[in-house]
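Taking our numbering, I'd label the letters of the sequence shown as residues 55 to 387.
Glycine is no exception: its CB is placed at the ideal position from the N, C-alpha and C atoms.
Read the structure below first, then the notes.
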Amino acid sequence: MVQSGDRVRAVVVEMEQRMPELTIIVPTYNRGTTLLKCLEALDGQTAPKESFEVIVSDDGSEDKTGEIVETFIKTHDLDLCCLRQSNSGQNAARNRAIGISRGGLLLFINDDTIATPTMVERHFSTHRTYPSESVAVLGKVTVSPDLPRSVFARLHLDPAFSLFESKSELDWRAFLTCNVSVKKGFLLKYGLFDESLRYNDDIELSSRLSKHGLRIIYDEKSVGYHYHYLTEGDYVRLARLSGKTLAIWYGKSPHLRAELASVGFYKAAPIKKRIQYFFADLVINSATRPFFMAFANRLSGSHEDLALVVYRKIYKSLERESIRDVLGGKPSA
55 MVQSGDRVRA
65 VVVEMEQRMP
75 ELTIIVPTYN
85 RGTTLLKCLE
95 ALDGQTAPKE
105 SFEVIVSDDG
115 SEDKTGEIVE
125 TFIKTHDLDL
135 CCLRQSNSGQ
145 NAARNRAIGI
155 SRGGLLLFIN
165 DDTIATPTMV
175 ERHFSTHRTY
185 PSESVAVLGK
195 VTVSPDLPRS
205 VFARLHLDPA
215 FSLFESKSEL
225 DWRAFLTCNV
235 SVKKGFLLKY
245 GLFDESLRYN
255 DDIELSSRLS
265 KHGLRIIYDE
275 KSVGYHYHYL
285 TEGDYVRLAR
295 LSGKTLAIWY
305 GKSPHLRAEL
315 ASVGFYKAAP
325 IKKRIQYFFA
335 DLVINSATRP
345 FFMAFANRLS
355 GSHEDLALVV
365 YRKIYKSLER
375 ESIRDVLGGK
385 PSA
């Protein structure tokens, strides 16, 4: 029997009511145990469960990530699905998840972002206050109190977020995908993640979105904890990744010299700064770096602030070296 028009309209309304307002996208790779903590935190949100969905986008994990997610789906009532792809990078994983997302809002977090209970609710609230399509919302991320203390935690996310204190609106460099939400329509209209980049990819996207009016509202009460114990090896790897992706970004968009200079692409810096970098690289380079790493390590036990200064200089040295590895050339002014 053909349903009446009233019945059809009722079914459509019911489907719309069940459609989540927000999609949380979590790219992951070989972090099954940490991902489980992330999902448990999302399951404990104060926001109504029918108001959001979670998409885990697995970038070809070789651990038990798939089993962990499948078990979680069976034992919890969270609206959760898992995508799987061959290892192609987190941006390919994010873009694939965007393609099947149902929410009008997209919240990007990492698999090591452990949401506090009100984190999602705060994103909803801020977007309702700022309904314009071009508005994104950044929540705060800080080192997890459940991890042992690491000097490198003071060199990663916390320094960036300390710059945002007492600010309500931030520039495009604050589009950090550890806890940022954006209107899906705006993203689909003006661009997705560049799948050739493996770091600095979030701010490269926001640089493009800023040309179309992107605004970033900061809500420091929408908090997530970074559950990743950072080691010296992690710090070195991130420095090299940063330099490599800055060089690739420059190769794609050489006209963005000012933007690139502001996020560390030293070759686009004013001549005075490049002269400073030239002399800095004569002091800290591939030959002397092991000495400075050992020196900073010894300092960290008794003079941590001074050790942080040395570690930051090592990071920038590694970043510039990686830029040269991609583009070619020796240190120059």
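Between residue 238 and residue 155, the C-beta spacing is below 9 Å. DSSP places residue 291 inside the alpha helix (DSSP H), whose first and last residues are 286-306. Looking at the backbone, the Cα of residue 360 and that of residue 325 are separated by about 28 Å.
Linking residue 346 to residue 182 through their CA atoms gives a straight-line distance of about 50 Å. A direct Cα-to-Cα measurement between residue 280 and residue 195 gives close to 6 Å. For residue 339, the three-state secondary structure derived from DSSP is coil. Cβ contact annotation for residue 258 (same chain, cutoff 7 Å, sequence separation greater than five): 248, 251 and 303, in chain order. Annotated as distal: residue 339 and residue 373, with beta-carbon spacing of 9 Å or more. One Cα belongs to residue 222, the other to residue 106, and the distance between them is close to 25 Å. The C-alpha of residue 198 lies about 11 Å from the C-alpha of residue 284. In this structure, residue 151 places its C-beta atom within 9 Å of the C-beta atom of residue 111.
Of the candidates 215, 173, 87 and 159, 173 places its Cα closest to the Cα of residue 98. In this chain, the alpha helix (DSSP H) harbouring residue 179 covers 173-183.
Straight-line spacing of the CA atoms in residue 164 and residue 336 works out to 37 Å. Residue 271 is positioned such that its CB atom lies no closer than 9 Å to that of residue 161. The beta-bridge partner set that DSSP reports for residue 190 consists of 236 and 270.
Beta-bridge pairing by DSSP links residue 195 to 278. Two segments are said to touch when three or more pairs of C-beta atoms, one from each, lie closer than 8 Å; by this definition the region 348-360 does not touch the region 263-277. When the beta-carbon positions are compared, residue 136 and residue 114 stay at least 9 Å from each other. Beta-bridge analysis with DSSP links residue 167 to 280. Where residue 106 is concerned, the enclosing beta strand (DSSP E) starts and stops at 106-112. Annotated three-state conformation of residue 375 is helix, per DSSP.
Taken in chain order, the unbroken stretches of beta strand (DSSP E) that lie wholly in the region 121-170 and span 3 residues or more are 134-138, 159-163 and 167-169.
Judged by DSSP secondary structure, residue 211 falls within the alpha helix (DSSP H) whose first and last residues are 211-216. Of the other Cβ atoms in all chains shown, 16 or more fall within 10 Å of the Cβ of residue 301; this residue is therefore buried. DSSP places residue 246 in the coil class of the three-state scheme, outside both helix and strand.
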